[in-house]
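Peer 1:
Residue numbers (the working numbering), protein chains in the order written: chain A, 3 to 243; chain B, 3 to 243.
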């Protein structure tokens with residue numbers, strides 16, 4: 003590491019790989035652009051007090067029975083009996099203001115679960131990218147961008163966002179030594195940034211969502227800085243920093 | 003999958019992730035550009051009869067004691083007491099002609115070990131890229147590009163080669179549906195192809211090798227089609243197809 007590189011930043015492409023990348027004293031950024039981490043940013047922007055990320059549908063239902071609002075999504079579809087799926091639009095409005103919401107999703111909440119013991123866990127999406135990058139730089143610590151992927155496989159949209167964060171941080175600070183994952187994704191983002199929707203046209207989850215009529219969600223999730231909040235894990239709760 | 007896409011091709015970024023990508027009836031291409039799979043291609047090009055890839059130094063030493071030639075590398079350095087490291091230059095010449103060679107390396111032979119039960123396991127590097135891609139297309143089966151990475155982390159040079167294969171196959175055939183890994187790496191390769199050495203300048207293993215004075219190896223390993231052979235796993239041996 004050169005003199006100017008005080009800290010490391012790297013990208014882990016799926017939660018399955020997290021044990022390989024796990025290190026002490028590292029801030030982990032959870033990424034699930036389509037759509038869990040986008041939805042979480044929206045909920046806090048609209049005043050949600052706490053989100054309880056849980057791995058299983060059963061746990062989410064347990065909270066629902068206790069009177070909490072609860073969201074549950076599997077394979078891009080909202081599950082019956084819950085208040086929300088993982089569409090950002092589900093979380094826009096007064097109905098989330100001041101509320102605690104339990105949430106389980108196919109990929110995003112699994113990534114939070116995997117990284118639960120990290121030094122700090124925060125939530126990233128295009129919706130909070132600038133405020134997140136500024137905050138990461140100020141922390142002066144190692145950073146790991148943890149992509150949720152799709153069922154533990156690499157996916158394009160999370161990689162694109164990790165590339166956008168890598169690019170932004172490298173422009174604003176020379177304190178970070180980039181791992182190969184970040185380097186590769188910066189190049190990817192360089193090609194995609196002007197037309198991200200078009201860029202994702204052949205990506206697997208984009209195709210999956212388009213089939214389900216979720217194009218509006220896709221466009222919204224790729225729009226930067228509409229929700230300038232930083233969700234952070236405190237014990238079992240996500241709260242607004 | 004559309005009518006024209008009869009088969010799938012995807013990339014698995016490290017052996018650690020292989021269980022997530024593993025599928026029946028899939029041809030697995032082992033990739034360790036710097037330098038195991040490059041060295042293996044060279045050895046067969048120079049007439050080696052068989053290579054025995056083994057996971058541990060102890061196993062390689064056992065073969066050595068039995069009178070076989072044996073190569074062993076850890077952390078880019080040739081181990082004492084062995085005939086070869088993993089430099090391609092070690093395997094050039096008459097001394098490998100007709101010989102059986104045991105080989106263990108930090109990453110490449112671990113990837114072979116992980117994929118041992120696949121339908122078919124072949125070895126890829128820039129040195130055999132064209133003959134390999136032509137052969138893969140003719141097999142009319144699903145393909146998984148398995149990058150060895152660096153100690154189970156993503157690395158740039160293996161990703162670059164996987165991108166080159168994806169690009170080449172997509173140009174020659176419309177029979178393959180690309181997974182997100184291949185799609186992303188095709189973009190990466192698109193940026194790197196004209197100046198791969200320069201492109202890899204900040205990549206972690208390139209830096210590691212440059213420090214060890216291995217620039218000549220780097221350049222050789224990035225030169226396409228100097229060894230038009232396809233090493234394939236048969237039982238415990240790699241042989242020339």
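Every residue, glycine too, gets a C-beta built ideally from N, C-alpha and C.
All values derive from a computational prediction rather than experimental measurement.
(1) Where do the ends of the beta strand (DSSP E) carrying residue 12 (chain A) lie?
(2) Does DSSP put residue 184 (chain A) in a helix, a strand or coil?
(3) Would you kindly work out how many angstroms separate the C-alpha atoms of residue 1 (chain A) and residue 158 (chain A), rounded to a whole number?
(4) When you compare the CB of residue 35 (chain A) with every CB in chain B, is at least one pair closer than 9 Å?
(5) Could you tell me which whole beta strand (DSSP E) segments of length 3 or greater appear in the segment 33-103 of chain A?
(6) At a CB-CB cut-off below 7 Å, which residues of chain B make contact with residue 154 (chain A)?
(7) Is the distance from the Cβ of residue 125 (chain B) to the Cβ of residue 139 (chain B) below 9 Å?
(8) Going by Cα to Cα distance, which pick from A:97, A:200 and A:163 is closest to residue 40 (chain A)?
(9) Cutting at 6 Å between CB atoms, please list the residues of its own chain near residue 76 (chain B), excluding the five before and the five after it.
(10) May I ask you to list, following chain order, the residues of the segment 138-162 of chain A that have a beta carbon less than 8 Å from some beta carbon of chain B?
(11) Could you tell me which residues DSSP puts in a beta bridge with residue 135 (chain A)?
(12) Going along chain B, which residues have a C-beta under 7 Å from residue 15 (chain A)?
(13) List the residues of chain A that residue 180 (chain B) touches, going by C-beta distances under 8 Å, in chain order.
(14) Using the Cα positions of residue 151 (chain B) and residue 179 (chain A), report the straight-line distance between them to the nearest angstrom.
(15) DSSP state of residue 111 (chain B), grouped into three classes?
(16) Of all the CB atoms in chain A, is at least one closer than 9 Å to the CB of residue 219 (chain B)?
(17) Ignore the nearest five residues each way along the sequence and tell me which others in residue 250 (chain B)'s own chain have a CB closer than 7 Å to its CB.
(18) I'd like to know if residue 196 (chain A) contacts chain B, where contact means its C-beta is closer than 9 Å to some C-beta of that chain.
(19) If the cut is a Cβ gap below 9 Å, which residues of chain B does residue 18 (chain A) touch?
(20) Just curious, the beta strand (DSSP E) that residue 124 (chain A) is in, first and last residue?
(21) Less than 8 Å between the CB atoms is what I'm expecting for residue 166 (chain B) and residue 191 (chain B), so what's the real figure, rounded?
(22) Confirm, please, whether the CB-CB distance from residue 93 (chain B) to residue 45 (chain B) is below 9 Å.
(23) Taking C-beta pairs closer than 7 Å, name the residues in chain B that residue 190 (chain A) reaches, listed in chain order.
(24) Report back the beta-carbon spacing between residue 117 (chain B) and residue 70 (chain B) to the nearest angstrom; my notes put them in contact at under 8 Å.
(25) Would you say residue 136 (chain A) lies against chain B (beta-carbon separation less than 9 Å)?
(26) Could you tell me which of A:97, A:121, A:171 and A:106 sits nearest to residue 2 (chain A), measuring between CA atoms?
(27) Tell me whether residue 117 (chain A), by its Cβ, gets closer than 8 Å to a heavy atom of the ligand NAP.
(28) If we define contact as Cβ-Cβ less than 9 Å, is residue 9 (chain B) a contact residue for chain A?
(29) Do residue 55 (chain B) and residue 235 (chain B) have their CB atoms nearer than 9 Å?
(30) Using the beta-carbon count (16 or more within 10 Å), is residue 33 (chain B) buried or exposed?
(31) In the DSSP output, what is residue 29 (chain A) paired with across the bridge?
(32) At what residues does the alpha helix (DSSP H) containing residue 236 (chain B) begin and finish?
(33) For residue 228 (chain B), which residues from the same chain have a beta carbon less than 7 Å from its beta carbon, with the 5 sequence-adjacent residues on both sides left out?
(34) Alpha carbon to alpha carbon, how far is residue 239 (chain A) from residue 202 (chain A)? Give it in angstroms, no decimals.
(35) Would residue 12 (chain A) pass as an interface residue toward chain B - the criterion being a Cβ-Cβ separation below 9 Å?
(36) So what's residue 242 (chain A) in DSSP terms, helix, strand or just coil?
Peer 2: If we stick to the structure as given:
(1) For residue 12 (chain A), the uninterrupted beta strand (DSSP E) run begins and ends at 9-14, by DSSP.
(2) Residue 184 (chain A) falls in the helix class under three-state DSSP.
(3) Residue 1 (chain A) lies beyond the stretch modelled for chain A, which goes from 3 to 243, so this question has no answer here.
(4) No - not a single Cβ of chain B is within 9 Å of the one on residue 35 (chain A).
(5) With a minimum length of 3 residues, the continuous beta strand (DSSP E) runs that stay inside the segment 33-103 of chain A are 52-55 and 71-76.
(6) Neighbours of residue 154 (chain A) on chain B, chain order: 22.
(7) Result no, Cβ atoms of residue 125 (chain B) and residue 139 (chain B) do not sit closer than 9 Å.
(8) Of A:97, A:200 and A:163, the residue nearest in Cα terms is A:163.
(9) Here the set comprises 108.
(10) The segment 138-162 of chain A vs chain B, Cβ under 8 Å: 152, 153, 154, 155, 156, 157, 158 and 161.
(11) DSSP lists no partner for residue 135 (chain A).
(12) Ordered by position in chain B, the residues that pass the 7 Å Cβ test against residue 15 (chain A) are 15 and 156.
(13) Correct list: 204.
(14) Taking the CA atoms as reference points, residue 151 (chain B) sits about 18 Å from residue 179 (chain A).
(15) Under the three-state reduction of DSSP output, residue 111 (chain B) falls in the helix class.
(16) Residue contact check for residue 219 (chain B) against chain A: no CB pair falls below 9 Å.
(17) Because chain B is modelled from 3 through 243, residue 250 (chain B) falls outside the range shown and cannot be assessed.
(18) No, residue 196 (chain A) lies away from the interface with chain B (no Cβ there is under 9 Å from its Cβ).
(19) Residues of chain B passing the Cβ test: 18, 19, 21 and 22.
(20) For residue 124 (chain A), the enclosing beta strand (DSSP E) begins and ends at 122-126.
(21) Their Cβ separation, rounded to whole angstroms, is 5 Å, which keeps residue 166 (chain B) and residue 191 (chain B) in contact under 8 Å.
(22) Yes, Cβ-Cβ distance for residue 45 (chain B) and residue 93 (chain B) is below 9 Å.
(23) In chain order: 186, 189 and 190.
(24) Going by Cβ atoms, the distance from residue 117 (chain B) to residue 70 (chain B) rounds to 23 Å, so no, they are not a contact pair.
(25) No - not a single Cβ of chain B is within 9 Å of the one on residue 136 (chain A).
(26) The structure shown does not extend to residue 2 (chain A), since chain A is modelled only from 3 to 243, so the question has no answer here.
(27) Looking at this structure, you won't find the ligand NAP or any other ligand, since it has none at all.
(28) No, its Cβ sits nowhere closer than 9 Å to a Cβ of chain A.
(29) The answer is yes: Cβ separation under 9 Å.
(30) Residue 33 (chain B) should be labelled buried.
(31) In DSSP, residue 29 (chain A) forms a bridge with A:122 and A:145.
(32) Premise fails: residue 236 (chain B) lies in the beta strand (DSSP E), 233-236, not in any alpha helix (DSSP H).
(33) So the list reads 129, once near-sequence residues are dropped.
(34) The C-alpha of residue 202 (chain A) lies about 32 Å from the C-alpha of residue 239 (chain A).
(35) Output row for residue 12 (chain A): interface = yes.
(36) Note: residue 242 (chain A) maps to strand in three-state DSSP.
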